[in-house]
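A.B. asks: Going by the numbering used here, the residue at position 19 of the sequence shown is 22; the numbering climbs one at a time, nothing skipped. Even for Gly, the Cβ is constructed at its ideal location relative to N, Cα and C.
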Amino acid sequence: MISADTSMSRWQAIKMAAQFVLPYRRQVLYSLLALGFTAMITLSIGQGIRLLIDQGFATQSQTLLSQYVIIFLLLVIALAIGTFTRYYWVTWLGERVIADLRTKVFNHLIHLHPGFFEENRSLEIQSRLTADMTLLQTVIGSSISFALRNLIMMLGGIIWLFITNAKLTAVVTICVPLVVVPILVYGRRVRQLSRQSQDKIASVGAYVGEVLGQIKTVQAYNHQSIDQQQFHQHVEEAFIVAKQRTRQRALLITMVILLVMGAVGLMLWIGGMDVIEGRISAGELAAFVFYSVIVGSAVASISEVVGELQRAAGAAERTMELLQAPNRIQSPTTPQALPSVSGNITIEHLAFAYPSRPEVLALNDLTLTIQAGQTLALVGPSGAGKSTLFDLLLRFFDSQSGSIKLEGIDIRQLDLSTLRSCFALVSQNPALFHGSISDNLRYARPDASDAEVEAAAIAAHAHDFICALPQGYATLLGDAGLGLSGGQKQRLAIARALLANAPILLLDEATSALDAQSEYWVQQALQELMRGRTTLIIAHRLATVQSADRIAVLNHGRLDALGTHTELLQSSSLYARLAALQFQSQ
Ligand SMILES: Nc1ncnc2c1ncn2[C@@H]1O[C@H](COP(=O)(O)OP(=O)(O)O)[C@@H](O)[C@H]1O
Ligand SMILES: [Mg+2]
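The structure is reproduced here in structure tokens:
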């Protein structure tokens with residue numbers, strides 16, 4: 004379940020979802036008109052059949068026959084046009100409404116506090132954006148109209164049945180449930196098996212994907228024969244389910260033929276007697292069979308879509324919940340103006356625990372000042388709270404107590420985007436997106452000129468390797484920068500931060516991923532980036548700590564010691580230990 008503070012009833016959710024249809028009243032009207040029109044024409048075809056038989060054939064008049072055939076053809080043309088209109092507008096509605104809904108949900112999600120995505124697995128959110136939306140789309144773009152059409156056909160068909168012949172109608176009222184109920188029960192079983200069969204096929208696909216994706220490991224360990232065996236098993240399981248499904252399906256078809264045709268036969272027998280005895284005409288009987296088939300199939304269709312409508316109601320509920328999830332990190336209604344930022348940050352008695360682990364204080368009474376233009380290195384054992392401090396500076400989370408002030412103003416008083424534009428973040432795993440290199444560099448400033456992009460890349464020592472790529476700056480990066488080395492990615496991230504030109508840098512230094520050569524270039528790039536800016540750097544390298552103006556040693560969310568490298572070697576046993584262990588290897 005998505006944990007939202009709002010819990011809404013299914014009915015509320017459906018009403019909310021219906022709001023998305025409201026802007027398209029005109030299209031709904033077109034759909035309804037076309038729908039009513041086609042249903043009526045379909046129903047009138049029964050009368051056409053009656054006239055054709057009674058007046059056309061029975062009277063042996065060729066002119067009358069031609070007339071009725073022409074009427075019939077006109078009806079067919081009207082039906083075709085009506086069906087086109089209905090299909091087009093109903094499907095259009097489904098697609099349009101879901102496009103709006105998707106956009107709305109995405110626009111909401113992208114602003115939500117990051118904590119939301121920790122509480123709710125992003126996989127689940129993705130499945131909502133795809134599976135639930137697809138379901139809603141089918142329902143709005145076909146099922147509702149389908150149900151409505153069949154409802155009209157059923158009611159119209161029943162009325163015509165009564166008009167045509169009350170005695171036969173009684174026969175039909177008994178026949179329809181007898182025919183429809185077994186078909187429905189069986190149909191449900193077939194559908195369940197279909198779903199199982201699909202799952203089995205998906206698992207075959209997943210197996211192939213995994214094995215072929217790791218083909219070198221598979222072959223290096225001579226694992227092929229085991230994989231062959233396992234794959235064979237998957238395939239056979241899929242076959243067994245498919246076989247069951249096929250048998251049920253074949254039985255279903257047999258049953259449909261037997262029951263439906265049997266019922267029609269019964270009706271023809273009873274009605275035929277009436278025809279022979281002159282109580283009804285042959286045309287009436289034909290029309291009657293036609294209407295009973297329509298009523299029967301309408302009843303079956305309606306009960307088919309009821310299940311789908313129910314599932315769609317669930318999907319609507321989940322989607323609306325997502326849309327209603329409150330954003331816990333928001334700009335204040337009247338944000339304070341921020342004077343020019345040089346990078347003075349005051350952290351006072353900051354205490355914070357992640358919502359998912361409220362019992363552990365990730366930061367505990369942390370007090371620290373950062374002076375403009377200086378470089379402060381953050382060091383400490385893993386889990387000390389270094390990255391958490393960055394999270395709080397960027398207001399991904401709000402602290403439970405204490406405050407962070409930027410240029411003397413509490414960051415919660417500032418407009419969120421103003422606050423965040425004061426920082427450039429280079430994280431430990433450089434975040435690159437699918438797209439060209441220059442798109443990735445322009446991430447923070449889409450309007451930067453080519454010259455500016457190139458200047459940033461030169462400063463970040465990335466220009467040379469970019470130019471060596473087949474398409475230079477236009478080279479497309481795979482997802483997450485596929486195809487680049489760790490050091491190259493890092494330098495791209497640094498160039499991006501340079502281009503962002505923010506007064507304060509937040510750097511999470513990469514540790515072991517880099518070889519000596521890359522590390523040298525990254526170091527050069529970093530120095531370029533830090534020049535003239537206030538920098539907070541989570542440091543893992545001796546060179547970085549040594550060149551920092553001050554070093555803050557964090558431990559268990561607290562400030563353990565503060566000073567320069569030489570000072571701390573004397574004063575902090577934790578720092579001395581870290582220096583001996585962590586910085587030694589470089
Ligand atoms: N998203 C999170 N949810 C819950 N706990 C977290 C989360 N991120 C970090 N923590 C916890 O907060 C503490 C500080 O983590 P972190 O700031 O990442 O440490 P560091 O960066 O110094 O290695 C650790 O105890 C860690 O387990
Ligand atoms: Mg960290």
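Consult DSSP for H437 and reduce its assignment to one of helix, strand or coil.
C.D. replies: coil
A.B. asks: With DSSP collapsed to three states, give me the class of V377.
C.D. replies: For the record, residue 377 in the displayed sequence is Gln; it is not Val. Here Q377 sits in coil by DSSP.
A.B. asks: Looking at L326 and H114, is the spacing between their C-beta atoms short of 8 Å?
C.D. replies: no
A.B. asks: So G118 and P358 are supposed to be a Cβ contact under 8 Å. How far apart are they, rounded?
C.D. replies: Yes, they are in contact, since the Cβ atoms of G118 and P358 sit about 5 Å apart, within 8 Å.
A.B. asks: Is the beta carbon of M270 closer than 8 Å to that of S295?
C.D. replies: Against a cut-off of 8 Å, the Cβ pair of M270 and S295 comes out as a contact.
A.B. asks: Using C-beta distances below 8 Å, list every residue in its chain close to A233, excluding the 5 sequence neighbours before and after it, in chain order.
C.D. replies: Per the sequence shown, the amino acid found at residue 233 is Gln instead of Ala. These residues qualify, in order along the chain: Y210.
A.B. asks: Cα-Cα, which of S441, V292 and I128 is closest to V174?
C.D. replies: V292
A.B. asks: From the DSSP output, in three-state form, read off R561 for me.
C.D. replies: strand
A.B. asks: Taking the Cβ atom as the reference point for each residue, do L341 and L395 lie within a distance shorter than 8 Å?
C.D. replies: no
A.B. asks: Give a single yes or no on whether S390 has its beta carbon closer than 7 Å to a heavy atom of ligand 1.
C.D. replies: yes
A.B. asks: Name the DSSP beta bridge partners of T176, please?
C.D. replies: In DSSP, T176 forms no bridge with anything.
A.B. asks: One question on the structure: do A579 and L572 come within less than 8 Å of each other, judged by their Cβ atoms?
C.D. replies: yes
A.B. asks: Below 8 Å, can you find three or more Cβ-Cβ pairs linking the stretch 47-56 to the stretch 68-76?
C.D. replies: yes
A.B. asks: Can A387 be considered in contact with ligand 1, in the sense that its beta carbon sits closer than 7 Å to one or more heavy atoms?
C.D. replies: yes
A.B. asks: I want to know whether the stretch 252-266 touches the stretch 134-147 - three or more CB-CB distances under 8 Å.
C.D. replies: no
A.B. asks: Nearest to F60 by CA position, among A289, A241, S420 and A465, is which residue?
C.D. replies: A289
A.B. asks: Between T106 and the rest of its own chain, which residues show a CB-CB distance below 8 Å, the 5 nearest in sequence each way excluded?
C.D. replies: none
A.B. asks: Give me, in chain order, the residues of the same chain whose beta-carbon lies closer than 7 Å to that of S206; leave out the 5 immediate sequence neighbours on both sides.
C.D. replies: Around S206, the same chain offers H237 as residues with beta carbons nearer than 7 Å, after the five sequence neighbours per side are excluded.
A.B. asks: Can you tell me the Cα-Cα spacing of L584 and A354, whole angstroms?
C.D. replies: 29 Å
A.B. asks: Helix or strand or just coil, what does DSSP make of L511?
C.D. replies: The amino acid at residue 511 is misidentified as Leu; the sequence shows Asp. In the three-state reduction of the DSSP assignment, D511 falls in the strand class.
A.B. asks: Taking the continuous alpha helix (DSSP H) assigned at T94, which residues delimit it?
C.D. replies: Where T94 is concerned, the enclosing alpha helix (DSSP H) stretches over Q65 to L112.
A.B. asks: For the beta strand (DSSP E) containing H464, list its first residue and its last residue.
C.D. replies: Neither: H464 is in no beta strand (DSSP E) and is coded neither H nor E.
A.B. asks: Any chance the CB of S359 is under 7 Å from a heavy atom of ligand 1?
C.D. replies: yes
A.B. asks: How would you call S304, buried or exposed, if buried means at least 16 neighbouring beta carbons within 10 angstroms?
C.D. replies: S304 counts as buried, since at least 16 other C-beta atoms from the protein chains shown sit within 10 angstroms of its C-beta.
A.B. asks: On the criterion of 16 or more Cβ atoms from any shown chain inside 10 Å, does P449 qualify as buried, or is it exposed?
C.D. replies: exposed
A.B. asks: Got a sec: does ligand 1 put a non-hydrogen atom nearer than 7 Å to the Cβ of E121?
C.D. replies: E121 Cβ: within cutoff of ligand 1.
A.B. asks: Alpha carbon to alpha carbon, what distance is there between A365 and Q582?
C.D. replies: Gln is not the amino acid found at residue 582; the sequence shown has Ala there. Those two C-alpha atoms are separated by around 23 Å.
A.B. asks: Any idea what DSSP makes of T249, helix, strand or coil?
C.D. replies: helix
A.B. asks: Would DSSP call Q339 helix, strand or coil?
C.D. replies: strand
A.B. asks: Compare the C-alpha of L138 against each of L261, I101 and G208 and name the closest.
C.D. replies: I101
A.B. asks: Round the Cβ separation of M156 and L46 to the nearest angstrom and send it over; I've been treating them as touching at under 8 Å.
C.D. replies: 7 Å
A.B. asks: Verify whether the separation of the beta carbon atoms of E512 and R544 is less than 8 Å.
C.D. replies: yes
A.B. asks: Quick check: L539 and L508, are their CB atoms within less than 8 Å of each other?
C.D. replies: Cβ atoms of L539 and L508: closer than 8 Å.
A.B. asks: Ligand 2 and I541: does any heavy atom of the ligand fall closer than 7 Å to the residue's C-beta?
C.D. replies: yes
A.B. asks: Can you have a look at H437 and say buried or exposed, based on whether 16 or more other CB atoms are within 10 angstroms of its CB?
C.D. replies: Burial call: exposed.
A.B. asks: Quick one: what does DSSP say V302 is sitting in, helix, strand or coil?
C.D. replies: helix
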